[in-house]
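Trainee: FYI, my numbering numbers position 87 of the sequence shown as 95, with every residue one higher than the one before it.
Sharing a structure, written as structure tokens. Questions coming.
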Amino acid sequence: MKALTVAVVLILSAGFIAAQEKLAPRLVRVVGTGEVKVVPDRAVIKVGVEKRNINARVAKQLADAATRKILATIRENGINEKDMQTISLSLQPETDYGTGRKPAGFVAEETLSITVRDLAKLDSLLESLIQAGGNRIDSIEYETSDLRKYRDQARELAVKAAREKAQALASALGQGIGKAFSIEEIPESGGSHIQGNEFRVASRSGIAGGAATALGEESISASVAVSFELN
Numbered sequence: 009m010k011a012l013t014v015a016v017v018l019i020l021s022a023g024f025i026a027a028q029e030k031l032a033p034r035l036v037r038v039v040g041t042g043e044v045k046v047v048p049d050r051a052v053i054k055v056g057v058e059k060r061n062i063n064a065r066v067a068k069q070l071a072d073a074a075t076r077k078i079l080a081t082i083r084e085n086g087i088n089e090k091d092m093q094t095i096s097l098s099l100q101p102e103t104d105y106g107t108g109r110k111p112a113g114f115v116a117e118e119t120l121s122i123t124v125r126d127l128a129k130l131d132s133l134l135e136s137l138i139q140a141g142g143n144r145i146d147s148i149e150y151e152t153s154d155l156r157k158y159r160d161q162a163r164e165l166a167v168k169a170a171r172e173k174a175q176a177l178a179s180a181l182g183q184g185i186g187k188a189f190s191i192e193e194i195p196e197s198g199g200s201h202i203q204g205n206e207f208r209v210a211s212r213s214g215i216a217g218g219a220a221t222a223l224g225e226e227s228i229s230a231s232v233a234v235s236f237e238l239n
């Protein structure tokens, strides 16, 4: 009876081990990265208006008047209405720390976002914005309008890189690779970035020496983790 029990246990154990081996295929897991360099074809400008006055209402009125002038200038430069947007408004008291922190007046601020789809107009638009009363150019960000297409290209390059890496690793062991067992895209931590950008805009007195921009390239990348069967 004991012998029969031991035989049954051995058979079950052998079957369990065989099932485990079947459920756990031999794999090589690699990460592939693909990158596409693209020259940006549009820019997003953030321009601000900042006005001060001892009276809060007057400060707001001055900022509103300057903003209306800037909006008119943007339209005159051929920018579509959908490409301009107010992204922030504020009216705050200013404190004079030299006189016991008593309110010294009010500052009204408004910030606009402008998408420029014709980069040939960028420098002249910057100059027009300053002349119209924009006393803050907060940022100029260059973008590509066809991001999805280039992202797909980067993914294809990433998959190709993963396969080449897996083949190299398997070959070093004297083996080959078979079909892909699993694939997963790895989220980008930093996102796309632009290399070589710069801009120069003088402060409230106007443009000193003209605006200067260098487009550089936008780096669009993608990474994938792929598991291949080992042959």
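Glycine included, each C-beta is placed from N, C-alpha and C at the ideal position.
So, under 8 angstroms CB-CB, residue 185 and residue 151 are touching, yes? Tell me the CB distance rounded to an integer number of Å.
Mentor: That pair is no contact at about 38 angstroms.
Trainee: Report the partner residues of residue 61 according to the DSSP bridge assignment.
Mentor: DSSP output for residue 61 lists 114 as bridge partner(s).
Trainee: Run through DSSP, which three-state label would residue 165 get?
Mentor: Helix.
Trainee: With which residues is residue 97 paired in a DSSP beta bridge?
Mentor: Residue 97 pairs with 118.
Trainee: For residue 81 and residue 120, which I take to be in contact (beta-carbon distance under 8 angstroms), what is that distance rounded to the nearest angstrom?
Mentor: With a Cβ gap of about 11 angstroms, residue 81 and residue 120 do not count as contacting.
Trainee: Find out if the Cβ-Cβ distance for the pair residue 137, residue 117 is shorter than 9 angstroms.
Mentor: No, Cβ-Cβ distance for residue 137 and residue 117 is not below 9 angstroms.
Trainee: Are the beta-carbon atoms of residue 124 and residue 34 separated by less than 9 angstroms?
Mentor: Their beta carbons are not under 9 angstroms apart, which means residue 124 does not touch residue 34 by this criterion.
Trainee: Once you ignore the five residues that flank residue 217 on each side, which residues in its own chain have a CB closer than 6 angstroms to its CB?
Mentor: Low local confidence applies: a pLDDT of 39 at residue 217 is under 50, so the model's placement there is unreliable, with the coordinate-based value given in what follows. Excluding sequence neighbours, residue 217 sits near nothing in its chain.
Trainee: For residue 169, collect the residues of the same chain with a Cβ closer than 8 angstroms to its Cβ; drop the 5 residues on either side in sequence, then sort them by chain order.
Mentor: Same-chain partners within the cutoff: 40, 41, 42.
Trainee: Between the region 67-86 and the region 166-181, do at least 3 Cβ pairs fall closer than 8 angstroms?
Mentor: Contact between the region 67-86 and the region 166-181 is absent, because fewer than three Cβ pairs lie under 8 angstroms.
Trainee: Could I get the ranges of all uninterrupted beta strand (DSSP E) runs contained in the region 139-194, with 3 residues as the minimum, in chain order?
Mentor: Taking only runs of at least 3 residues, the beta strand (DSSP E) segments lying wholly in the region 139-194 are 144-151, 185-194.
Trainee: Rounded to whole angstroms, what's the CA-CA distance from residue 74 to residue 68? Just pull it up for me.
Mentor: Those two C-alpha atoms are separated by around 10 angstroms.
Trainee: So that I know if they touch, is there some Cβ in chain D lying closer than 9 angstroms to that of residue 85?
Mentor: Note that chain D does not occur in the displayed structure, where there is just one protein chain.
Trainee: Which residue's Cα is closest to the Cα of residue 55: 227, 156, 159, 147?
Mentor: Cα-wise, what sits closest to residue 55 is 147.
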